[in-house]
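**Q** Structure in structure tokens, see below.
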Amino acid sequence: MIENLIELDREIFIYLNSLGKREYDFFWLVMTNKILNFTIYFIFSIIYLSKTNLKRFSLLVFTILLMILLTDQTTNFFKYSFSRLRPCHEEDLIGIIRLLKSSCGGLYGYFSAHASNSFALASFFSMLYIKNGIKIPIFLISVAVLVSYSRIYIGVHYPFDVISGAFFGILSGYSFYLFSKKYLKVF
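Numbering (my numbering), first residue to last: 49 to 235.
Here it is in structure tokens:
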């Protein structure tokens with residue numbers, strides 16, 4: 049059963065990765081760059097600062113840093129516990145897949161830290177800004193989806209790595225939002 053799922057994941061990865069075109073590579077390399085996420089959430093944090101006091105803003109920053117630390121370290125724990133090679137480290141995939149970066153990251157890929165961090169931030173900030181309408185959450189979730197897909201496109205994660213990371217990120221972001229609302233009184 050597990051072997052069948054792993055094989056299906058591999059086949060879907062090869063298919064999705066093969067859809068890449070040279071003229072789109074730059075876009076996906078930008079999407080996978082961590083600076084993009086940092087810039088987007090820096091802007092939304094500054095907007096929040098303009099609507100609150102410094103103490104609440106400081107608690108918000110503390111919560112976000114703690115959330116990213118947790119998602120990142122949990123991701124590393126899973127990567128070393130499952131020891132699933134990234135597709136770019138699979139010898140039998142060399143020459144079959146498109147690898148857009150000179151290095152493909154660590155040896156193991158389950159699950160994607162880019163996906164978990166992107167979705168944690170997207171769900172946290174979506175909850176924070178939902179009272180202003182649905183446009184901001186749609187934008188943030190869309191960015192998280194694009195960042196996550198970029199990991200498949202550039203050849204460093206299987207789809208299940210990304211999907212698992214996204215689910216964990218959503219859970220993490222929502223949990224940290226509820227925690228900060230209830231205990232830290234950030235909102």
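The C-beta atom is built at its ideal place from N, Cα and C for all residues, glycine as well.
Distance check for TYR206 and ILE144, CA to CA, integer angstroms please.
**A** Your numbering for residue 144 matches position 96 in the sequence shown. Your numbering for residue 206 matches position 158 in the sequence shown. Taking the straight line from one Cα to the other gives about 14 Å.
**Q** Is it right to say ASP209 is buried, meaning 16 or more other beta carbons lie within 10 angstroms of its own, or is it exposed?
**A** As a position in the sequence shown, residue 209 is number 161, starting the count at 1. Buried, because 16 or more other Cβ atoms sit within 10 Å of the Cβ of ASP209.
**Q** By how many angstroms is the C-alpha of SER198 removed from the C-alpha of PHE61?
**A** If you number the sequence shown from 1, residue 61 lands on position 13. If you number the sequence shown from 1, residue 198 lands on position 150. Between PHE61 and SER198, the C-alpha separation is close to 12 Å.
**Q** For the segment 153-166 and the segment 212-224, state whether three or more C-beta atom pairs, one from each stretch, are separated by less than 8 Å.
**A** Yes: at least three Cβ pairs fall under 8 Å.
**Q** Spell out a yes or no on whether the segment 77-94 and the segment 168-186 are touching, meaning 3 or more CB-CB pairs, one atom from each, closer than 8 Å.
**A** Touching, yes.
**Q** Roughly how many angstroms separate the alpha carbons of ARG104 and GLU59, rounded to a whole number?
**A** By 1-based counting over the sequence shown, the position of residue 104 is 56. By 1-based counting over the sequence shown, the position of residue 59 is 11. The straight-line gap from Cα to Cα measures roughly 47 Å.
**Q** Rank LYS99, LEU141, THR80 by C-alpha distance to the C-alpha of GLU55 and give the top, closest one.
**A** One-based indexing of the sequence shown puts residue 55 at position 7. Of LYS99, LEU141, THR80, the residue nearest in Cα terms is LEU141.
**Q** In the structure shown, what three-state DSSP assignment does LEU133 receive?
**A** As a first step, residue 133 must be located in the sequence shown, where it is residue number 85. It is a strand residue.
**Q** By DSSP's criteria, TYR156 is part of a beta bridge. Which residues make up the other side?
**A** Position 108 of the sequence shown, counted from the start, is the residue given in the question as residue 156. Per DSSP, LEU133.
**Q** At a cut-off of 8 Å, would you count SER160 as near the ligand MN, judging by its Cβ distance to the nearest heavy atom?
**A** For the structure depicted, the ligand MN is absent and the ligand set is empty, with no information on it obtainable.
**Q** Can you give the beta carbon distance from ILE211 to TRP76, rounded, assuming they're within the 8 Å contact cut?
**A** For the purposes of this step, residue 211 is taken as the residue at position 163 of the sequence shown. For the purposes of this step, residue 76 is taken as the residue at position 28 of the sequence shown. Actually they are not in contact, since the Cβ atoms of ILE211 and TRP76 sit about 18 Å apart, beyond 8 Å.
**Q** Closest to SER66 by C-alpha separation, out of ILE200, PHE227, HIS137, would be which residue?
**A** Counting from one through the sequence shown, the residue named residue 66 turns up at place 18. Measuring from the Cα of SER66, the nearest candidate turns out to be ILE200.
**Q** Mapping the DSSP letters down to three states, classify GLY68 as helix, strand or coil.
**A** For the purposes of this step, residue 68 is identified with residue 20 of the sequence shown, where counting begins at 1. It is coil, neither helix nor strand.
**Q** ASN85 lies in the alpha helix (DSSP H); which residues open and close that run?
**A** Numbered from its first residue, the sequence shown carries residue 85 at position 37. Note, ASN85: alpha helix (DSSP H), 82-98.
**Q** How about GLY157 and ARG132: do their beta carbons lie closer than 9 Å?
**A** Locating residue 157 in the sequence shown gives position 109, where the first residue counts as 1. Locating residue 132 in the sequence shown gives position 84, where the first residue counts as 1. Yes. Within cutoff.
**Q** THR123: which of ALA168, HIS137, PHE92 sits nearest, CA to CA?
**A** Here residue 123 refers to the residue found at position 75 when the sequence shown is read from its first residue. Closest by alpha carbon: ALA168.
**Q** Considering only their Cβ atoms, is the gap separating LEU107 from LEU226 smaller than 9 Å?
**A** Numbered from 1 along the sequence shown, position 178 holds the residue referred to as residue 226. Numbered from 1 along the sequence shown, position 59 holds the residue referred to as residue 107. Not in contact: LEU226 and LEU107 (Cβ atoms no closer than 9 Å).
**Q** For the alpha helix (DSSP H) that TYR201 lies in, which residues bound it at each end?
**A** Stepping through the sequence shown from its first residue, residue 201 is reached at position 153. Taken as a continuous stretch (DSSP letters only), the alpha helix (DSSP H) holding TYR201 covers 183-201.
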